[in-house]
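What follows is one structure encoded as structure tokens, with my remarks underneath.
In the numbering used here, the protein residues as written are 747 to 1281.
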């Protein structure tokens, strides 16, 4: 954050959106060598079961191998956050003390109920209690503060001022100043790392999320990054308010992808119920999830072996790898998901913008530094963008150039005297315009990126709605229920005309959101009397 913006931020009065949400529950979970993971201390102001649940959610598999972590989860309709700490202990305690201090907050403020605003306090408490789990006075004080605050009846904690309902980040990009950074610990601060991690595969994930698939991230601890990736994908794939009026009635359940965050083997029964459309889901929170897909993360690889529980599994790269490759993405039937050639070109445009940024060092407030914060550098301080892109490129994650495409490209070069390059340039200009100039935004890079993805979504659905309207107006159409598309339509929508996966995506999204069947027609080129199919 620049000095001027930091000063301005310090002078601004704290708004209701900067205030931590009131707690519904506070608990201490720890590992006992005699009985395993237990809830050793708890307080709750709501009727919610803590024992036998939150301790397992707070200790994902493999967490014992790291020193500290933050774990996001959902539990009985509440957002949960726990701070894990691993501290040295006596030989009687197996030389280690594992504790997690966690909270539950209402989901009134979106996917995580702004629980991240409690993260600094939870981390401090976890470090203190890891050295002496029996000294729970600090927990009592924290709960008492929360109780007194709730009794004061502060309306700003219950409902943001001036709004009929809480603002989600998906709408925040329309009103949030781009020169104002997100709060410390906000999961969207991880957005740049999310993009770097997935490369051009971010667009395939975006498509799966828009189709409301069941998406499961699988990887090793720490869990915080994976939980924030879950949040980011859900936010990026939300349907912006500006195009909701274009969608037919009955699509309200598709407006955003639900986030389950961290899951473990104890959640398998839940996933089984959500995967069975005929199951009797009595719990109201589960009923919401049952109407659509979800995105979640896990460190338990056994869940990934149960293909009936998910549609898409994403194998996250090893964070300890010196040069991790882009993740491996598979469908539940084992087919690999790869980025299209246009995805690669679009990602290069995005990468070139983010290339102007480099990671800042942790500041005095304990910011996570290089993984979630960015600052604008002079271009002279940056390595060449093309070299940086090539260094990270993984051709195993990209659809190969087909012989038909190579042949057509060669023919067009010979026959059109540069028209092919003009066609590619038009696609590039469209992608560049939708991205916008991220270099205009300094501390607001995170919200600027989210706004760019929402522009892509608006562009896609606006084009599709136009095709549907044109099909309805076509009196000569052979099939009134079908929307006919050709090669140029696919390109204008922003997709790759040669990608079978993009053709399938268009067919699915038209059916899911508009209830219309897509009839994708190919085109051909006449060459010396020979008709050559090109799509």
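Glycine included, C-beta positions come from ideal geometry on N, C-alpha and C. Note that the structure is predicted; figures quoted are calculated from it, not measured.
List the whole-angstrom C-beta distance separating residue i from residue j, where the pair is believed to meet the contact cut-off of C-beta under 8 Å.
| i | j | result |
| --- | --- | --- |
| residue 958 | residue 1083 | The Cβ separation is near 16 Å, so there is no contact. |
| residue 1008 | residue 981 | That belief does not hold up - the Cβ atoms of residue 1008 and residue 981 are roughly 17 Å apart, past 8 Å. |
| residue 1138 | residue 965 | Between residue 965 and residue 1138 the Cβ distance is about 18 Å, and since that is not below 8 Å, they are no contact. |
| residue 824 | residue 770 | 6 Å |
| residue 1145 | residue 1086 | 5 Å |
| residue 1099 | residue 1184 | 4 Å |
Would you check if the distance between the CB atom of residue i and the CB atom of residue j is smaller than 8 Å?
| i | j | result |
| --- | --- | --- |
| residue 967 | residue 862 | no |
| residue 1060 | residue 962 | yes |
| residue 831 | residue 779 | no |
| residue 1041 | residue 979 | yes |
| residue 1204 | residue 986 | yes |
| residue 1000 | residue 1038 | yes |
| residue 1045 | residue 808 | yes |
| residue 843 | residue 879 | yes |
| residue 846 | residue 954 | no |
| residue 884 | residue 768 | no |
| residue 1075 | residue 1058 | yes |
| residue 952 | residue 1199 | yes |
| residue 1092 | residue 1177 | yes |
| residue 1213 | residue 1235 | yes |
| residue 1019 | residue 1192 | no |
Decide if residue i is buried, meaning its Cβ has at least 16 other Cβ atoms within 10 Å, or exposed.
| i | result |
| --- | --- |
| residue 1282 | Residue 1282 lies beyond the range of the chain shown here (747 to 1281); nothing can be said about it. |
| residue 1081 | exposed |
| residue 826 | buried |
| residue 1108 | Any reading at residue 1108 needs caution, since the residue's pLDDT is 39, under 50, leaving its predicted position unreliable; the model's value is listed next. Looking at its Cβ environment, which holds fewer than 16 other Cβ atoms inside 10 Å, residue 1108 is exposed. |
| residue 1266 | buried |
| residue 1263 | exposed |
| residue 810 | exposed |
| residue 797 | exposed |
| residue 1261 | exposed |
| residue 886 | exposed |
| residue 990 | exposed |
| residue 907 | Residue placement at residue 907 cannot be trusted, given a pLDDT of 37 that sits under 50; the coordinates are not used to answer. |
| residue 1067 | exposed |
| residue 1015 | exposed |
| residue 848 | buried |
| residue 1013 | buried |
| residue 1216 | exposed |
Distance check for residue j and residue i, CA to CA, integer angstroms please.
| i | j | result |
| --- | --- | --- |
| residue 1348 | residue 821 | Beyond the ends of the chain as shown, which are 747 and 1281, falls residue 1348; an answer cannot be given. |
| residue 1011 | residue 1053 | 14 Å |
| residue 914 | residue 1094 | Its pLDDT being 47, under 50, residue 914 is placed unreliably by the model, and nothing is read from it. |
| residue 1071 | residue 1196 | 24 Å |
| residue 988 | residue 1202 | 13 Å |
| residue 1257 | residue 1133 | 41 Å |
| residue 1021 | residue 1242 | 32 Å |
| residue 1251 | residue 995 | 21 Å |
| residue 948 | residue 877 | 41 Å |
| residue 1002 | residue 977 | 11 Å |
| residue 1182 | residue 1097 | 13 Å |
| residue 1190 | residue 1101 | 16 Å |
| residue 1229 | residue 997 | 19 Å |
| residue 766 | residue 1079 | 43 Å |
| residue 875 | residue 833 | 9 Å |
| residue 1036 | residue 1171 | Reliability of the predicted coordinates at residue 1036 is poor, the pLDDT of 41 falling under 50, and no value is obtained from them. |
| residue 1089 | residue 881 | 54 Å |
| residue 764 | residue 860 | 9 Å |
| residue 1017 | residue 1051 | 13 Å |
| residue 888 | residue 869 | 13 Å |
| residue 1117 | residue 857 | At residue 1117, the pLDDT of 44 sits below 50, so the modelled position is not reliable; the number obtained from the coordinates is stated separately. Whole-angstrom Cα-Cα distance: 22 Å. |
| residue 1237 | residue 852 | 43 Å |
| residue 940 | residue 975 | 6 Å |
| residue 929 | residue 864 | 12 Å |
Quick check: does the Cβ of residue i come within less than 7 Å of any heavy atom belonging to the ligand NAD?
| i | result |
| --- | --- |
| residue 1205 | The model on display carries no ligand, and the ligand NAD is accordingly not part of it. |
Using a Cβ distance threshold of 8 Å, determine whether the segment 801-813 contacts the segment 773-790, with at least three qualifying pairs required. yes
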